[in-house]
């Protein structure tokens with residue numbers, strides 16, 4: 238396939254994933270319909286696509302589909318999305334790690350079993366690494382996620398502290414970004430409980 242055709246195909250794939258994101262936003266029946274029609278497995282496969290714009294669009298769609306939808310969360314995990322999402326957390330592309338941390342955040346929200354799977358898959362260290370990202374959105378999502386990890390599990394709190402999260406969380410309290418300070422305070426509060 239020549240490069241023009243390849244770019245055109247990538248653009249269509251990206252726009253299809255973006256359309257799913259837009260249609261499913263705050264629409265539980267569309268989220269369910271996407272799952273029932275087999276839309277989640279191909280989106281998970283697109284996380285490994287060579288075009289980063291397609292990766293971001295697929296992650297954005299999965300993030301939206303996972304939000305407040307337990308069946309979708311479970312299917313995303315069953316489709317083996319976690320290893321790729323965790324690799325994406327380490328990406329130098331801030332848009333990639335922002336989407337990945339957002340998907341993981343939506344997966345673990347109100348889902349203790351998925352939270353355990355995410356931690357077992359090795360997400361903790363790359364999430365802590367995002368606290369030092371140049372992308373304030375990724376920092377904010379990472380702090381929120383660490384607060385979720387720390388919520389109920391004292392062992393996890395110890396690991397978060399031992400792996401160096403406290404210093405960057407405290408430094409984030411000095412940020413001019415109010416939301417960043419709030420998420421940092423949330424995570425530190427959860428760690429202190």
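In this note's numbering, the protein residues as written are 238 to 430. Yeah, the Cβ is synthetic: ideal placement off N, Cα and C, and Gly gets one too.
According to the DSSP assignment, residue 350 belongs to the alpha helix (DSSP H) that extends over 349 to 357. Going by DSSP, residue 242 is part of the alpha helix (DSSP H) stretching over 240 to 261.
If you look at residue 292, you'll find it in the alpha helix (DSSP H) that goes 289 to 303.
Nearest Cα to residue 398 within the set 308, 427, 413, 335: 427.
Under the three-state reduction of DSSP, residue 311 is assigned to helix. The distance from the Cβ of residue 355 to that of residue 300 is about 14 Å, inconsistent with a contact at the 8 Å cut-off. If you look at residue 404, you'll find it in the alpha helix (DSSP H) that goes 403 to 409. Residue state for residue 334 is assigned as helix, using DSSP reduced to three classes. The alpha-carbon of residue 367 is positioned some 8 Å away from that of residue 326. Using a Cβ distance threshold of 8 Å, residue 289 and residue 333 count as a contacting pair. Of the residues assessed, residue 342 falls on the buried side of the cut-off, its CB having 16 or more other CB atoms within 10 angstroms.
Only buried fits residue 313, as 16 or more other CB atoms lie within 10 angstroms of its CB. Contact check for residue 337 against residue 387 fails: the beta carbons are separated by 8 Å or more. Note that the C-beta distance between residue 358 and residue 319 is below 8 Å. The beta carbons of residue 302 and residue 292 sit about 16 Å from each other, so the pair does not count as a contact at 8 Å.
Linking residue 244 to residue 251 through their CA atoms gives a straight-line distance of about 10 Å. Beta-carbon to beta-carbon, residue 369 and residue 405 are separated by about 5 Å, close enough to satisfy the 8 Å threshold. A residue is called buried once 16 or more other Cβ atoms fall within 10 Å of its Cβ, and residue 275, having fewer, is exposed. For residue 265, the uninterrupted alpha helix (DSSP H) segment begins and ends at 265 to 273. Ranked by Cα distance from residue 363, the options 383, 374, 353, 346 are led by 383. Taking a contact as a CB-CB distance under 8 Å, the pair residue 257 and residue 298 counts as one, their CB atoms being some 4 Å apart.
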